[in-house]
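Count the sequence shown with the working numbering and you get residues 204 to 262, in order. Just so it is clear, CB atoms sit at the ideal spot from N, CA and C, and this is done for glycine as well.
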Amino acid sequence: MVTLEKLFPHQVEAVDAVLRVLQTPASGHLPAEGLRTQVIAATGSGKTLISVAATHLGL
Numbered sequence: 204m205v206t207l208e209k210l211f212p213h214q215v216e217a218v219d220a221v222l223r224v225l226q227t228p229a230s231g232h233l234p235a236e237g238l239r240t241q242v243i244a245a246t247g248s249g250k251t252l253i254s255v256a257a258t259h260l261g262l
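See the structure below:
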């Protein structure tokens, strides 16, 4: 399992950003297409780990 303690600082920052963007808006109204985001980072920077950690922590 991926935990924030096992991630590099830039990965923790990315996970926090993903979770922040995917929070339900204060109005409670979700866009018709749902909540979406993209993780854009260099090759080998841990995009898969970022996605796994965000999914695990966001559930």
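Bounding residues of the alpha helix (DSSP H) (the contiguous stretch that carries residue i)
{"i": "H232", "result": "Here H232 belongs to no alpha helix (DSSP H), and DSSP marks it neither H nor E."}
{"i": "A254", "result": "Looking at the sequence itself, residue 254 is Ser, so the reference to Ala does not match. S254 -> alpha helix (DSSP H) spans 250-261."}
{"i": "R223", "result": "212-224"}
Proximity to residue i [Cα-Cα], best of the options
{"i": "E208", "options": "G261, L262, A256", "result": "A256"}
{"i": "T227", "options": "D219, G237, I243", "result": "G237"}
{"i": "L225", "options": "S248, Q241, T206", "result": "Q241"}
{"i": "F211", "options": "L260, R223, K250, L262", "result": "K250"}
{"i": "R223", "options": "I243, A235, H232, R239", "result": "R239"}
Proximity test, residue i beta-carbon vs the ligand PLP heavy atom, cut-off 7 Å
{"i": "S254", "result": "Only the bare structure without any ligand can be found here, which leaves the ligand PLP out of the picture."}
Same chain, Cβ closer than 8 Å to residue i, neighbours up to 5 away in sequence not counted
{"i": "Q214", "result": "S248, G249, L252, I253, A256"}
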